[in-house]
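Visitor: The structure is given below, and queries will be raised subsequently.
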Amino acid sequence: MAKRFQHSSVTSVEEAKEDRISHLPEEILTSILSFLTTEEASRTSVLSRRWRILWTLTSSLNFDCTKIALGKKLDDRFALRSERTRFAMWVKRVLEVYKDSNLDEFIVSFDLTCNSRRSLDKWMNFAMSKTLKRLEISLAPFSSRKFRFHDECYSFPVDCYSFIRGPEGLSNISSLRSLCLRYVNMTGEVVEHFLLNCPLLEQLTVAVAYRLESLKVPASSLRLKYLEIFDCYHLKNFEICAPNLVTILYNQGGRYNGRRMKLQAVHLPHLLDLHLGGPELSITEDFFGACSSSFSQLMTLKIVVTEVRMQECQVRLKFPKFPELTNLRHLGFKTEYDICSILAVRLLIKSSPLLNKFTLELADGSRCQIKRRVRTGINCPHQNLKVVEIVGFIGGAVEYEFIMFFLDNASALEKIILRPRDPFSPSEAENKMLRRAREHAEKFKTRFSPRVEVVIM
Numbered sequence: 001m002a003k004r005f006q007h008s009s010v011t012s013v014e015e016a017k018e019d020r021i022s023h024l025p026e027e028i029l030t031s032i033l034s035f036l037t038t039e040e041a042s043r044t045s046v047l048s049r050r051w052r053i054l055w056t057l058t059s060s061l062n063f064d065c066t067k068i069a070l071g072k073k074l075d076d077r078f079a080l081r082s083e084r085t086r087f088a089m090w091v092k093r094v095l096e097v098y099k100d101s102n103l104d105e106f107i108v109s110f111d112l113t114c115n116s117r118r119s120l121d122k123w124m125n126f127a128m129s130k131t132l133k134r135l136e137i138s139l140a141p142f143s144s145r146k147f148r149f150h151d152e153c154y155s156f157p158v159d160c161y162s163f164i165r166g167p168e169g170l171s172n173i174s175s176l177r178s179l180c181l182r183y184v185n186m187t188g189e190v191v192e193h194f195l196l197n198c199p200l201l202e203q204l205t206v207a208v209a210y211r212l213e214s215l216k217v218p219a220s221s222l223r224l225k226y227l228e229i230f231d232c233y234h235l236k237n238f239e240i241c242a243p244n245l246v247t248i249l250y251n252q253g254g255r256y257n258g259r260r261m262k263l264q265a266v267h268l269p270h271l272l273d274l275h276l277g278g279p280e281l282s283i284t285e286d287f288f289g290a291c292s293s294s295f296s297q298l299m300t301l302k303i304v305v306t307e308v309r310m311q312e313c314q315v316r317l318k319f320p321k322f323p324e325l326t327n328l329r330h331l332g333f334k335t336e337y338d339i340c341s342i343l344a345v346r347l348l349i350k351s352s353p354l355l356n357k358f359t360l361e362l363a364d365g366s367r368c369q370i371k372r373r374v375r376t377g378i379n380c381p382h383q384n385l386k387v388v389e390i391v392g393f394i395g396g397a398v399e400y401e402f403i404m405f406f407l408d409n410a411s412a413l414e415k416i417i418l419r420p421r422d423p424f425s426p427s428e429a430e431n432k433m434l435r436r437a438r439e440h441a442e443k444f445k446t447r448f449s450p451r452v453e454v455v456i457m
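The opening position of the sequence shown corresponds to residue 1 in UniProt numbering, with each subsequent residue numbered one higher.
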């Protein structure tokens, strides 16, 4: 009996040591590898002779190394230049050994400029030679504080554009479902070519394209549900005709120059999420004026004001007249100026009877110390607001004014969330200002009604 038990134990150990994964069909293994980044998948080549080529048969090439790079100190330009060279060599080696002709996904995400034009042109031409479903080229600087000028940005290659206008190129891009181009200079003609010839396109992102001056999103883009146009500083004419859009993110970018963008939009019956940003408040007026009939179904609205003219500073921020936002559940407002008051957004809150959550974000630029009295006793009853969140909390008059307003008017208020720092800030250090902000938050906590939960993040 003991011998039989011992034999059974040995057998189970041997079975446990057996590599059963490697015996799976090739299709299943390549499918598993497709969930990994290209760097992670390539590491499996050391497992065995069979695994050596398996990763080259995956339908996804993901060269997103932003997280790895952020863990390194690349503030020094020489260190960054060296890292760029290493990245380019790595991508080159992978493309040389890649074997699968049915590529679905091609992603490049790294801090690259026009100095890497030769490599980027090859990668772009490689991508256009495939029948991709997803293409993402993101060349943003690793540091959010670093500005990249027009002549530093990579430009969409002319020969590549010529190719996708021909029969083979048109056939290849027709399968695209998601297109994301960040810090890639291109004209509206190039973007519109993709929109007109990619009938399956569902998501489009274009960010920091200096040469983009005019853009029309045609009505033929029936599948398009997500549209993001971010920091295209020279965009003068913007026409939106895609009828099935669900989400629009538009940030005008740049500094105020007195020029108004010409905006046209048809009825957008499925629009649920709208994010608007720019150097002045007129951008909200333009959007709401162009398609006010489309906003009754909005569920999320975020407004970002990156700059305010001195005339507006003197009279405080004033929003244009808004239509009834009868379905709005989450309202967000972000500004870089400490002149923001509850008077500025009161009309928005009043126009949103079903509002459930309000988020106020005070960016790093909103630290100018403008002394003024806190406004209290503003009457604007609200029956459904339950959560108020303040990001970048420092314990100043602005935050106190907002908190008191909601305590006085939001009868259903359940929770106030205070975040003493911007969650997107690259610095995680608990510095003196952060500690002081937390102390202010703790003091604020003692003043609130016990019916309201206060959470300090």
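Ideal placement from N, C-alpha and C gives every residue a C-beta, glycine not left out.
Rounded to a whole number of angstroms, what is the C-alpha to C-alpha distance between Y98 and V108?
Guide: Numbered from 1 along the sequence shown, position 98 holds the residue referred to as residue 98. Numbered from 1 along the sequence shown, position 108 holds the residue referred to as residue 108. Distance between the alpha carbons of Y98 and V108: 15 Å.
Visitor: Does the beta-carbon of F238 have 16 or more other beta-carbons within 10 angstroms, so that it is buried, or is it exposed?
Guide: Taking the sequence shown and counting its residues from 1, the one referred to as residue 238 is at position 238. Buried, since its Cβ has 16 or more Cβ neighbours within 10 Å.
Visitor: Alpha carbon to alpha carbon, what distance is there between Y226 and D151?
Guide: Taking the first residue of the sequence shown as 1, we reach residue 151 at position 151. Taking the first residue of the sequence shown as 1, we reach residue 226 at position 226. Those two C-alpha atoms are separated by around 29 Å.
Visitor: Near A140, what residues of its chain come up, given a Cβ to Cβ distance below 6 Å and the 5 sequence neighbours on each side ignored?
Guide: Residue 140 sits at position 140 when you count from the first residue of the sequence shown. So the list reads R182, Y183, once near-sequence residues are dropped.
Visitor: In angstroms, rounded to a whole number, what distance separates the CA positions of L393 and E401?
Guide: The residue labelled residue 393 in the question sits at position 393 within the sequence shown. The residue labelled residue 401 in the question sits at position 401 within the sequence shown. Note on identity: in this sequence residue 393 is Phe, with Leu being the wrong assignment. Roughly 12 Å between the two C-alpha positions.
Visitor: Beta-carbon separation of C380 and R346 under 7 Å?
Guide: What you label residue 380 is simply residue 380 of the sequence shown in a count that begins at 1. What you label residue 346 is simply residue 346 of the sequence shown in a count that begins at 1. Taking 7 Å as the Cβ cut-off, C380 and R346 qualify as a contacting pair.
Visitor: Which whole-angstrom value describes the C-beta separation of L132 and F106, a residue pair presumed to lie in contact below a C-beta threshold of 8 Å?
Guide: On the sequence shown, position 132 is the one that residue 132 refers to. On the sequence shown, position 106 is the one that residue 106 refers to. Rounded, the Cβ-Cβ distance is 6 Å, consistent with contact.
Visitor: If I follow the unbroken beta strand (DSSP E) through H330, where does it start and stop?
Guide: On the sequence shown, residue 330 is found 330 positions in, with the first residue counted as 1. Note, H330: beta strand (DSSP E), 330 to 335.
Visitor: How about E389 and I417: are their beta carbons less than 7 Å apart?
Guide: Residue numbering aside, residue 389 sits at position 389 when the sequence shown is read from its first letter. Residue numbering aside, residue 417 sits at position 417 when the sequence shown is read from its first letter. The answer is yes: Cβ separation under 7 Å.
Visitor: Please name the residue in P279, G278, T247 whose C-alpha comes closest to that of L271.
Guide: Position 271 of the sequence shown holds residue 271. Considering only alpha carbons, the answer is T247.
Visitor: Excluding the five sequence neighbours on either side, which residues of its own chain have a C-beta within less than 6 Å of the C-beta of T300, listed in chain order?
Guide: The count along the sequence shown starts at 1 and reaches residue 300 at position 300. Cβ within range, chain order: D273, H330.
Visitor: In terms of residues, what are the limits of the beta strand (DSSP E) holding T359?
Guide: To locate residue 359, count along the sequence shown from 1; it is residue 359. It spans 357 to 362 - the beta strand (DSSP E) in which T359 sits, taken as one unbroken run.
Visitor: Any C-beta of chain B sitting closer than 7 Å to the C-beta of Q203?
Guide: Given the protein chain composition of this structure (a single chain), no chain B is represented.
Visitor: When the Cα of E453 is compared with those of I137, R419, R436, L413, which residue comes out closest?
Guide: For the purposes of this step, residue 453 is taken as residue 453 along the sequence shown, with counting starting at 1. Checking every option, the nearest Cα to that of E453 belongs to L413.
Visitor: When the Cα of L120 is compared with those of N409, F63, G278, E361, which residue comes out closest?
Guide: As a working mapping, residue 120 is identified with position 120 in the sequence shown. The option with the nearest alpha carbon to L120 is F63.
Visitor: Is it buried or exposed for E442, if we count other Cβ within 10 angstroms and need 16 for buried?
Guide: Within the sequence shown, residue 442 is the residue found at index 442, counting from 1. Looking at its Cβ environment, which holds fewer than 16 other Cβ atoms inside 10 Å, E442 is exposed.
Visitor: Just to check my reading of the structure: L201 and L176 have Cβ atoms closer than 8 Å, yes? What is that Cβ distance to the nearest angstrom?
Guide: Locating residue 201 in the sequence shown gives position 201, counting from the first residue. Locating residue 176 in the sequence shown gives position 176, counting from the first residue. Correct: roughly 6 Å between the Cβ atoms.
Visitor: Which value, in whole angstroms, describes the spacing of the CA atoms of A429 and R436?
Guide: Residue numbering aside, residue 429 sits at position 429 when the sequence shown is read from its first letter. Residue numbering aside, residue 436 sits at position 436 when the sequence shown is read from its first letter. Note that A429 scores a pLDDT of 48, beneath 50, so its modelled location is shaky; the value from the coordinates is reported in the next line. C-alpha separation (whole angstroms): 13 Å.
Visitor: Select from R165, M457, K415 the residue whose C-alpha is nearest the C-alpha of R451.
Guide: One-based indexing of the sequence shown puts residue 451 at position 451. The residue with the shortest Cα to Cα distance from R451 is K415.
Visitor: Using a threshold of 7 Å, state whether the C-beta atoms of A265 and I240 are closer than that.
Guide: Walking along the sequence shown from the start, residue 265 turns up at place 265. Walking along the sequence shown from the start, residue 240 turns up at place 240. In contact: A265 and I240 (Cβ atoms closer than 7 Å).
Visitor: Confirm, please, whether the CB-CB distance from L276 to I303 is below 7 Å.
Guide: Numbered from its first residue, the sequence shown carries residue 303 at position 303. Numbered from its first residue, the sequence shown carries residue 276 at position 276. Yes.
Visitor: Using 10 angstroms around the beta-carbon of E399, count the other beta-carbons present and answer buried if the total reaches 16, otherwise exposed.
Guide: Translated into positions along the sequence shown, residue 399 becomes position 399. Classification for E399: buried.
Visitor: With DSSP as the reference, label F230 as helix, strand or coil.
Guide: Position 230 of the sequence shown, counted from the first residue, corresponds to residue 230. It is a strand residue.
Visitor: Suppose the cutoff is 6 Å on Cβ atoms and the five residues either side in sequence are ignored; what does the same chain contact list for T326 look like?
Guide: Your numbering for residue 326 matches position 326 in the sequence shown. Result list for T326: S296, in chain order.
Visitor: I need the straight-line Cα distance from H382 to I342, nearest angstrom please.
Guide: Residue numbering aside, residue 382 sits at position 382 when the sequence shown is read from its first letter. Residue numbering aside, residue 342 sits at position 342 when the sequence shown is read from its first letter. When rounded, the distance between both Cα atoms is 14 Å.
Visitor: In three-state terms, what does DSSP make of V455?
Guide: Mapped onto the sequence shown, residue 455 falls at position 455. If DSSP states are grouped into helix, strand and coil, V455 belongs with the strands.
Visitor: Express the C-alpha separation of N251 and residue 528 in angstroms, rounding to a whole number.
Guide: The chain is shown from 1 up to 457; residue 528 falls before or after that span and cannot be answered.
Visitor: Quick check: what's the CA-CA separation for M457 versus T359?
Guide: Taking the sequence shown and counting its residues from 1, the one referred to as residue 457 is at position 457. Taking the sequence shown and counting its residues from 1, the one referred to as residue 359 is at position 359. Each residue's alpha carbon lies about 14 Å from the other.
Visitor: Could you have a look at F287 and say whether DSSP puts it in helix, strand or coil?
Guide: The residue you call residue 287 lines up with position 287 of the sequence shown. In this structure, F287 counts as helix in the three-state DSSP scheme.
Visitor: Is M128 closer than 7 Å to F87 when the C-beta atoms are compared?
Guide: Working through the sequence shown from its first residue, we reach residue 87 at position 87. Working through the sequence shown from its first residue, we reach residue 128 at position 128. Contact: no.
Visitor: Considering only residues of the region 104 to 139, which uninterrupted beta strand (DSSP E) runs meet the minimum length of 3 residues and lie entirely inside it, listed in chain order?
Guide: Runs of the beta strand (DSSP E) inside the region 104 to 139: 105 to 109, 134 to 138.
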